[in-house]
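Comments concern the structure below.
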Amino acid sequence: MEDQEQTSFTFEIDNFLEKESVISSPNFLSGGCEWVVEVYPKGMDSYIDDHLSLALVVANPETLRLGWKRRANFSLVLLNQSGKVLYSGHGFNKLFCAHFTRQGNSKTLPLKKLQEKGFLENNKLIVKVEVKVVEVVDESDVTGNEMLDVDGFQVLYTQAISVNSLFTQYPDIAENFRPKSQLVKTAYMNLLLGLIETLDKPPHSISDTELSNAHSELIELTEAGFKLDWLKKKLNGVYLERKKENVDVSPDQEFKEEINNAKSIAKDLLEVVVHSWNEWKVRLGFAHPHKKSSNAFFNVWYDWSNSDVEVTAIKSIHGTSPTNILSITKLYQENGSTAFEFATLNTTTPSDVRYQKIEKF
């Protein structure tokens with residue numbers, strides 16, 4: 001598409017503090033599409049009623065071709081009568097389509113701030129918007145497998161409404177999200193949508209397995225950087241509801257059972273590892289038969305290509321959660337006079353599992 005010029009549009013609202021319902025600007029044209037700015041004095045959603053909300057909206061979307069999409073860079077600014085900036089929201093880059101024609105900031109300004117004496121001069125609010133359309137798509141055939149970018153996450157066309165609603169309700173949900181790979185981001189978003197879907201079900205219909213998985217998934221998503229305090233409260237609410245219904249399940253009890261089971265498995269594995277590894281050290285002549293091995297678990301496998309034995313070890317950190325202990329597939333394989341020297345690798349965090357090649361000598 002040809003480079004589109006940036007459009008600037010300003011309108012004024014008199015007696016703003018007396019307004020209750022949404023205020024719409026006159027239509028204006030940018031990038032071959034009509035737009036309108038909507039101002040919500042009491043918030044655009046029922047769950048956000050203590051902030052003024054601002055949104056850029058595609059006007060008359062029904063006049064556009066089937067499968068239309070517009071990506072726009074835009075800014076939204078609020079000023080008082082003297083031209084003093086009360087709010088400045090720059091750097092918005094949003095996708096508009098038939099499923100979501102409205103994009104903006106649900107928490108633009110706290111209502112208490114607007115109501116402070118002298119904040120608004122003569123009860124007048126000035127709204128300024130700048131829009132530059134950077135992508136125009138008109139398609140006659142759109143499938144549910146099409147991928148869309150919603151706030152930096154590539155999601156299916158059929159998921160776009162849910163994800164867009166998520167970012168509208170919780171604008172800072174991914175503020176601290178660390179992964180940069182689009183594939184990883186998509187995987188995490190799918191995990192989050194699945195968790196939300198599970199917790200939206202009636203508590204009595206959620207199985208023990210689903211509840212346990214939900215607990216683990218919430219931890220994983222939080223560690224990745226998502227802000228999910230609201231979802232944690234929802235999960236706790238499910239536990240409370242199940243408790244009221246006399247369902248014998250609780251996060252503490254279930255977690256304790258998982259730990260006990262994992263500890264039992266870990267103990268058995270450790271005995272095998274320590275015994276076998278000590279035996280190897282004695283046979284190789286670099287360890288005393290009664291000296292204990294380090295507290296580590298190994299997952300060893302072999303690549304028999306070209307008749308050479310490739311041995312790789314994974315060392316899990318002492319103190320990591322029992323549920324994350326790596327299982328052992330094989331410890332060693334007798335191979336004539338071949339011997340292996342094990343080299344440990346220091347790590348800094350329980351989740352930082354490193355791979356170390358065992359050298360032949």
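Under the UniProt record's numbering, the first residue of the sequence shown carries the number 1, and numbering increases by one thereafter.
Glycine included, every Cβ here is placed at the ideal spot set by N, Cα and C.
Expected contact under 8 Å - CB spacing of residue i and residue j to nearest Å
i    : j    : result
E210 : T198 : 6 Å
V58  : F96  : 5 Å
E245 : H204 : 6 Å
L125 : H51  : Their Cβ separation, rounded to whole angstroms, is 14 Å, which puts L125 and H51 out of contact at 8 Å.
A224 : Y188 : 6 Å
L195 : L231 : 7 Å
Spatial distance of residue i from residue j (CA atoms)
i    : j    : result
A98  : R70  : 10 Å
K94  : S82  : 30 Å
T10  : S25  : 9 Å
L148 : G118 : 44 Å
P171 : S75  : 16 Å
N60  : Q154 : 27 Å
N236 : S162 : 23 Å
S212 : L193 : 17 Å
Q115 : D208 : 49 Å
W68  : K243 : 49 Å
T7   : K132 : 6 Å
K128 : F16  : 15 Å
A72  : L218 : 33 Å
F167 : K84  : 29 Å
N123 : G152 : 37 Å
N164 : N105 : 12 Å
Among the options, the one whose alpha carbon lies nearest that of residue i
i    : options                   : result
R102 : L79, H51 and Y40          : Y40
K227 : E116, D45, F177 and K234  : F177
L78  : G67, L54, A72 and W68     : L54
E130 : N123, L191, G225 and V37  : V37
V136 : K243, E12 and L64         : L64
E220 : V184, F167 and K201       : V184
P202 : L218, E175, V238 and K233 : V238
Assigned secondary structure, residue i (DSSP; H/G/I helix, E/B strand, else coil)
i           : result
H51         : strand
W230        : helix
S82         : coil
R65         : coil
P203        : helix
residue 377 : In this structure the chain extends from 1 to 361, so residue 377 is not present and cannot be described.
D208        : helix
Y188        : helix
L235        : helix
A72         : strand
N27         : coil
Status (buried if at least 16 other CB within 10 Å, exposed otherwise) for residue i
i    : result
W35  : buried
Q182 : exposed
L240 : exposed
L29  : exposed
G31  : buried
T108 : buried
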